[in-house]
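Chains as they are written, first to last, in our numbering: chain A, 7 to 197; chain X, 7 to 197; chain G, 7 to 197; chain V, 7 to 197.
Yeah, the Cβ is synthetic: ideal placement off N, Cα and C, and Gly gets one too.
Since this is a predicted model, take the numbers as computed values, not measurements.
Read the structure below first, then the notes.
There are 4 protein chains.
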Amino acid sequence: MPKLGMEPIRRAALVEATIAEIGAAGSLDVTVGQIARRAGMSTALAHHYFGGKDQIFLAAMRQILRDFGREVVAGLHAARNPRARAEALIAASFAPSCFAPATVSAWMMLYAQATTHPETHRLLHLYQRRLRTNLTHALRPLSADPRGHAETLGALIDGLYLRAALSPDDTVAQARATAQHALDTLIGPRQ
Amino acid sequence: MPKLGMEPIRRAALVEATIAEIGAAGSLDVTVGQIARRAGMSTALAHHYFGGKDQIFLAAMRQILRDFGREVVAGLHAARNPRARAEALIAASFAPSCFAPATVSAWMMLYAQATTHPETHRLLHLYQRRLRTNLTHALRPLSADPRGHAETLGALIDGLYLRAALSPDDTVAQARATAQHALDTLIGPRQ
Amino acid sequence: MPKLGMEPIRRAALVEATIAEIGAAGSLDVTVGQIARRAGMSTALAHHYFGGKDQIFLAAMRQILRDFGREVVAGLHAARNPRARAEALIAASFAPSCFAPATVSAWMMLYAQATTHPETHRLLHLYQRRLRTNLTHALRPLSADPRGHAETLGALIDGLYLRAALSPDDTVAQARATAQHALDTLIGPRQ
Amino acid sequence: MPKLGMEPIRRAALVEATIAEIGAAGSLDVTVGQIARRAGMSTALAHHYFGGKDQIFLAAMRQILRDFGREVVAGLHAARNPRARAEALIAASFAPSCFAPATVSAWMMLYAQATTHPETHRLLHLYQRRLRTNLTHALRPLSADPRGHAETLGALIDGLYLRAALSPDDTVAQARATAQHALDTLIGPRQ
DNA sequence: AATGAATGAGTTTTCATTCAT
DNA sequence: GATGAATGAAAACTCATTCAT
Numbered sequence: 007m008p009k010l011g012m013e014p015i016r017r018a019a020l021v022e023a024t025i026a027e028i029g030a031a032g033s034l035d036v037t038v039g040q041i042a043r044r045a046g047m048s049t050a051l052a053h054h055y056f057g058g059k060d061q062i063f064l065a066a067m068r069q070i071l072r073d074f075g076r077e078v079v080a081g082l083h084a085a086r087n088p089r090a091r092a093e094a095l096i097a098a099s100f101a102p103s104c105f106a107p108a109t110v111s112a113w114m115m116l117y118a119q120a121t122t123h124p125e126t127h128r129l130l131h132l133y134q135r136r137l138r139t140n141l142t143h144a145l146r147p148l149s150a151d152p153r154g155h156a157e158t159l160g161a162l163i164d165g166l167y168l169r170a171a172l173s174p175d176d177t178v179a180q181a182r183a184t185a186q187h188a189l190d191t192l193i194g195p196r197q
Numbered sequence: 007m008p009k010l011g012m013e014p015i016r017r018a019a020l021v022e023a024t025i026a027e028i029g030a031a032g033s034l035d036v037t038v039g040q041i042a043r044r045a046g047m048s049t050a051l052a053h054h055y056f057g058g059k060d061q062i063f064l065a066a067m068r069q070i071l072r073d074f075g076r077e078v079v080a081g082l083h084a085a086r087n088p089r090a091r092a093e094a095l096i097a098a099s100f101a102p103s104c105f106a107p108a109t110v111s112a113w114m115m116l117y118a119q120a121t122t123h124p125e126t127h128r129l130l131h132l133y134q135r136r137l138r139t140n141l142t143h144a145l146r147p148l149s150a151d152p153r154g155h156a157e158t159l160g161a162l163i164d165g166l167y168l169r170a171a172l173s174p175d176d177t178v179a180q181a182r183a184t185a186q187h188a189l190d191t192l193i194g195p196r197q
Numbered sequence: 007m008p009k010l011g012m013e014p015i016r017r018a019a020l021v022e023a024t025i026a027e028i029g030a031a032g033s034l035d036v037t038v039g040q041i042a043r044r045a046g047m048s049t050a051l052a053h054h055y056f057g058g059k060d061q062i063f064l065a066a067m068r069q070i071l072r073d074f075g076r077e078v079v080a081g082l083h084a085a086r087n088p089r090a091r092a093e094a095l096i097a098a099s100f101a102p103s104c105f106a107p108a109t110v111s112a113w114m115m116l117y118a119q120a121t122t123h124p125e126t127h128r129l130l131h132l133y134q135r136r137l138r139t140n141l142t143h144a145l146r147p148l149s150a151d152p153r154g155h156a157e158t159l160g161a162l163i164d165g166l167y168l169r170a171a172l173s174p175d176d177t178v179a180q181a182r183a184t185a186q187h188a189l190d191t192l193i194g195p196r197q
Numbered sequence: 007m008p009k010l011g012m013e014p015i016r017r018a019a020l021v022e023a024t025i026a027e028i029g030a031a032g033s034l035d036v037t038v039g040q041i042a043r044r045a046g047m048s049t050a051l052a053h054h055y056f057g058g059k060d061q062i063f064l065a066a067m068r069q070i071l072r073d074f075g076r077e078v079v080a081g082l083h084a085a086r087n088p089r090a091r092a093e094a095l096i097a098a099s100f101a102p103s104c105f106a107p108a109t110v111s112a113w114m115m116l117y118a119q120a121t122t123h124p125e126t127h128r129l130l131h132l133y134q135r136r137l138r139t140n141l142t143h144a145l146r147p148l149s150a151d152p153r154g155h156a157e158t159l160g161a162l163i164d165g166l167y168l169r170a171a172l173s174p175d176d177t178v179a180q181a182r183a184t185a186q187h188a189l190d191t192l193i194g195p196r197q
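Next up, the structure:
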């Protein structure tokens, strides 16, 4: 029973299925067949709507980054002062959603593919630049060297995320605390 | 005329070829055929010596980590005091050898596969623990919270490496400077 | 707002698109999708009007032959005597329209498919018989063996067309001259 | 039970199977799977030895042309004078082997693909040039215009072959007679 | 009249792996 | 010790065709 306007629905379903499938497999070795099956359609349709596997994957990555971006924006919105903004950025980076297996795998995929796939690299770069900008902006009124501190904090967050994401036990809270602590060290503790 | 005692030679050749091939491809999509050809032997022999692709890859990763470990040991050996030891650890992490394309790709592979492959995960964990131990040890005489600072510095190094490795332009020196600066902030600048 | 009497328009558009697409691709590997897109409609409609790909192709071939037939008829019409009629047949066979890439490709398709597709074979046979009849008719007052000479001349024209069509450089004029010369040899030169 | 030196055997088997399969299908729509099955091996092996479908087809075409070339050489070898050489060329072009279904289909494939595939075009061109050279050579002592007559005769042979090949009933003998007759007309009948 | 939606069946191609020699 | 031979299994992708709307 074909309906009209299925394209956005199908695309969304495929993206969601891709993320889910990556999460379930815990790996990047996911076939279009698996994705399509999970999304409840034929591989042919998946190809029809996306043109190829690469573009399905790319769309999934964009979705991951978009979700993360939303998390960040929401956090920043709720923050009432610079320090709160900086803390919100840390919080967003260690939000539970970032540690869903699918998200972790997708994130690893981003890093792994960035060396080869130019488009992936561009995407990753975009995210890093945005985070740096946000951090710099938040630190400007608080720090003598907002740029440098943003750079440091950003890299620290990435490193902590990497470690927490790969740890079997939940060290997310600890990672977040470490980041928070580093922030305190850089700009002085909260009064 | 097959020679005796070829096993270690063949294994070493395969491991080297694996790393080189990964570097050349700039990706993890490397076939056993490519590796074997580069190592100058048949795929059958590659399987004979390693049992399977996974184990070839694992051996390559071990080699990468071993190489890095050697770099670390050499640096630590030359260091004459705790601070020098901490700085040597930073220096080793940003040594040129760590940024050879093959090494970068292999490193990314490590992260990407660690979520799935338990053995890979174990390897990565080992490295991280060793680095943490080394750092903690170096910081003990210098820091009020050697453990915490080691954790922070370790994660920061990972994050900076990730970013520097993926940047097209050479930001290695800057990354290293940032790590060094963070060390100064944590334990106070050199007198 | 669908209009009435669209059928002939749509069919013509599809046939034209088929020939154009074959010409553009320079090959027989043309999909219904490509044809329909070029004709400005959906593949479903193409199927609706023709029933299947084979029939679209067949219609295109009929069109090619019809076009050629028209060229022949026009030439014969303008000819005022038997010799002129024979020459008109040669001229029609080497008319520029016969060497349009689309036409050449379609013609090759005819030959290639004639071995398999009985319907295609029938079409090709029809054309060949008609050309032979026309030639025989024109040669009757000029030749001692109109049938035999028509057979020879017809085959020669086909062979020359094949060679000229596949030559990258324009050898059409030369091919035509050769055919003309053969005619002269067979029935004696013009007085 | 794998043996050594299989490559030439396998390649030959594949080429033969390709020609046979094209003949059986009476069409160019032959899959690698069909070819491999007929040759008694897996598709993977077919790819292994030839690299791809195109190259299998190309090899088959080369074989067809080589076979024809051998037929020609044998005929020329047996001929004791120029006229016999010219007749041998005609005879070779209408030899039974040229009308085996597989050969006809392959020949059609050559023509159909020549417009697109440069390599195929090159091959076809080669054959045409060689035939022209042979004919010119044979006609030199017999004809006032050996080049022109060779051109004419060559095209005539192609055209007659095309028609005979596509005729269901056996008109090969007649086609050959027509070519022979044309030769007589061009250079005068045998004394 | 027209189409977006959807798919089944098929194609080429790749690759890790096994085995007899 | 070493390899050419061989394959099964699976992957991405294509396309003619159908159908409900």
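Check: Among Ser103(X), Ala106(X) and Leu132(X), nearest to Ser173(A) - alpha-carbon criterion; Outcome: Leu132(X)
Check: Residues within the segment 92–123 of chain X neighbouring chain A, beta-carbon criterion of under 7 Å; Outcome: Val110, Ser111, Met114, Met115, Tyr117, Ala118, Ala120, Thr121 and Thr122
Check: Rounded straight-line distance, which links the Cα of Ser99(X) to that of Ile25(X); Outcome: 18 Å
Check: Below-9 Å beta-carbon distance, Leu184(X) vs any chain A residue; Outcome: Correcting the residue type first, residue 184(X) is Thr in the shown sequence and not Leu. Yes, Thr184(X) lies at the interface with chain A (some Cβ there is under 9 Å from its Cβ).
Check: Gly46(G) in three-state terms, based on DSSP; Outcome: coil
Check: Among Ala23(V), Leu168(V), Ala118(V) and Arg17(V), the one whose alpha carbon lies nearest that of His54(V); Outcome: Arg17(V)
Check: Spatial neighbours of Ala188(X) in its chain, beta-carbon cut-off 7 Å, leaving aside the 5 residues before and after; Outcome: Leu159 and Leu162
Check: Gly75(A) versus Gln69(A): straight-line alpha-carbon distance, rounded; Outcome: 10 Å
Check: Test: Ala31(V) CB closer than 9 Å to a CB of chain G; Outcome: yes
Check: In chain order, each alpha helix (DSSP H) run of at least 4 residues that lies wholly inside the segment 151–185 of chain G; Outcome: 152–172
Check: Touch test, the segment 85–96 of chain G against the segment 115–129 of chain G, Cβ-Cβ under 8 Å, three pairs minimum; Outcome: no
Check: Chain-ordered chain X contacts of Leu166(A) [CB-CB under 7 Å]; Outcome: Ala161
Check: Close beta carbons around Leu82(V), own chain, < 6 Å, minus the five adjacent residues each side; Outcome: Arg91 and Ala94
Check: Beta carbon of Leu145(X) nearer than 9 Å to that of Pro88(X); Outcome: yes
Check: C-beta neighbour in chain G for Gly57(V), strict 9 Å; Outcome: no
Check: Under 9 Å between C-beta atoms of Leu64(A) and Ala42(A); Outcome: no
Check: Ser103(G), buried or exposed, once every other Cβ within 10 Å from all chains shown has been counted against 16; Outcome: exposed
Check: Min CB distance Leu226(G) to chain V below 9 Å; Outcome: Examination of residue 226(G) is not possible in this model, given that chain G is present from 7 through 197 alone.
Check: Neighbourhood of Leu166(A) by C-beta, 7 Å cutoff - its chain only, sequence neighbours within 5 removed; Outcome: Ala181, Thr184 and Ala185
Check: Arg86(A) to Leu141(A) span [Cα, whole Å]; Outcome: 15 Å
Check: Euclidean distance between Cα positions of Ser149(A) and His155(A); Outcome: 8 Å
Check: CB contact below 9 Å: Met7(A) versus chain X; Outcome: Per-residue confidence for Met7(A) stands at a pLDDT of 46, beneath the threshold of 50, marking its modelled position as unreliable; the derived number appears in the next sentence. Judged by the 9 Å Cβ criterion, Met7(A) is not in contact with chain X.
Check: Closer than 9 Å to chain A by CB, His54(X); Outcome: no
Check: Contact under 9 Å by Cβ, Pro107(G) with Thr121(V); Outcome: yes
Check: Between the CA atoms of Ala23(V) and Ala31(V) - distance to the nearest angstrom; Outcome: 12 Å
Check: First through last residue of the alpha helix (DSSP H) which encompasses His123(V); Outcome: Neither: His123(V) is in no alpha helix (DSSP H) and is coded neither H nor E.
Check: Element boundaries [alpha helix (DSSP H), containing Ala98(G)]; Outcome: Pro88 to Ser99
Check: Cβ-based neighbour list, Arg44(X), same chain, cut-off 8 Å, excluding 5 preceding and 5 following; Outcome: Ala23, Ala26 and Glu27
Check: Euclidean distance between Cα positions of Val178(X) and Thr49(A); Outcome: 43 Å
Check: Leu168(X) versus Arg135(A): straight-line alpha-carbon distance, rounded; Outcome: 14 Å
Check: Within chain A, the residues that Glu157(X) reaches when beta carbons sit closer than 7 Å; Outcome: Thr184
Check: Classification of Pro152(X) by the beta-carbon crowding that lies within 10 angstroms, buried from 16 upward; Outcome: buried
Check: Member of His123(G), Val38(G), His143(G) and Gly46(G) whose CA lies at the smallest distance from the CA of Gly57(G); Outcome: Val38(G)
Check: Beta-carbon spacing of Leu200(A), Met67(A) below 9 Å; Outcome: Examination of residue 200(A) is not possible in this model, given that chain A is present from 7 through 197 alone.
Check: Neighbour-count burial assignment, Thr109(A), 16 or more Cβ in a 10 Å radius; Outcome: buried
Check: Close beta carbons around Leu192(V), own chain, < 6 Å, minus the five adjacent residues each side; Outcome: His155
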